[in-house]
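Asks: Residue numbers (the working numbering): 24 to 228. Beta carbons are placed, not taken as given, at the ideal position from N, Cα and C, and that holds for glycine. Source: prediction; values computed, not measured.
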């Protein structure tokens, strides 16, 4: 059986309110990278893992830090990569980055995508996507086997995630310890999804 390509997309809030937890967010990203590497090693005969990391604010709507980079080649996120400021175009960030990934994944290889959204605030600056349009996109991609998770602080995460059709959600406190737990949740969910993917493919053999 050929390997499946697993695309891990992390959409990370870089708005001004994330400034107080900036260092923890950078550390959390790097720990998640290590976790995905460990998952790649675990399923090295079955899966090829790639990472896309996109941060966003109203000054830089979608800043691509990594674009489908093989996880073994991903460098650490540096302080210069992540400088929180401005407002929160959350819906645009998710919609644009997920659409781009859908359109640029190879068509001749079996692929699956896992999208993780991490934000400490509410949508307040999107121009291209509203909740309804984004919800339709999420439903379309989930029908193709994509997995989405929403990790939020300072909000009712269940309510906010369901507005855009994401059923898997986690909450965190906007503190150093809270951010670590948020990224732990993200890494654990990505590992769970990789395991489910492996089990489903083995069952089809």
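Out of 73, 193, 106, which one is the CA nearest neighbour of residue 179?
Replies: Checked all of 73, 193, 106; the closest Cα to residue 179 is 193.
Asks: Taking C-alpha atoms, which residue in 81, 187, 198, 101 lies nearest to residue 89?
Replies: Here the closest residue by C-alpha is 101.
Asks: Give the range of the alpha helix (DSSP H) segment to which residue 201 is assigned.
Replies: It spans 199 to 226 - the alpha helix (DSSP H) in which residue 201 sits, taken as one unbroken run.
Asks: Can the beta-carbon of residue 148 be found less than 7 Å from the beta-carbon of residue 93?
Replies: Going by C-beta atoms, residue 148 is not nearer than 7 Å to residue 93.
Asks: Report yes or no: do the region 46 to 59 and the region 114 to 130 share at least 3 C-beta pairs separated by less than 8 Å?
Replies: Segments in contact, no.
Asks: With a CB to CB cut of under 7 Å and the five nearest residues on each side skipped, what residues in its chain are close to residue 217?
Replies: 29, 62, 66, 70.
Asks: Using 10 angstroms around the beta-carbon of residue 210, count the other beta-carbons present and answer buried if the total reaches 16, otherwise exposed.
Replies: Result: buried.
Asks: Are the CB atoms of residue 199 and residue 47 within a distance shorter than 7 Å?
Replies: Closer than 7 Å, so yes.
Asks: With a cut-off of 8 Å on the beta carbons, I'd call residue 33 and residue 103 a contact; round off their distance for me.
Replies: With 8 Å as the limit, residue 33 and residue 103 do not qualify as a contact, their Cβ atoms being about 18 Å apart.
Asks: Measure the C-alpha to C-alpha separation of residue 164 and residue 42 and round it to an integer number of angstroms.
Replies: If you take the alpha carbons of residue 164 and residue 42, they lie about 32 Å apart.
Asks: Which two residues bound the contiguous alpha helix (DSSP H) that contains residue 51?
Replies: Per DSSP, residue 51 belongs to the alpha helix (DSSP H) from 45 to 65.
Asks: Applying the criterion that 16 or more other CB atoms from any shown protein chain within 10 Å of the CB defines a buried residue, is residue 167 buried or exposed?
Replies: The residue in question, residue 167, is exposed, as its Cβ has fewer than 16 Cβ neighbours within 10 Å.
Asks: Mind checking who residue 137 pairs with in its DSSP beta bridge?
Replies: Residue 137 is bridged to 31, 170.
Asks: Please determine, among 64, 131, 82, 99, the residue with the shortest C-alpha to C-alpha distance to residue 1.
Replies: For residue 1 there is no data in the structure shown, the boundaries of the chain being 24 and 228.
Asks: Could you pull the DSSP bridge partners for residue 36 from this structure?
Replies: DSSP, once it has assigned bridges, lists 79 as partnering residue 36.
Asks: Measure the CB-CB distance between residue 74 and residue 137 and report whether it falls below 7 Å.
Replies: Going by C-beta atoms, residue 74 is not nearer than 7 Å to residue 137.
Asks: In terms of residues, what are the limits of the alpha helix (DSSP H) holding residue 192?
Replies: It is not in any alpha helix (DSSP H) - residue 192 instead sits in the beta strand (DSSP E) that spans 192 to 194.
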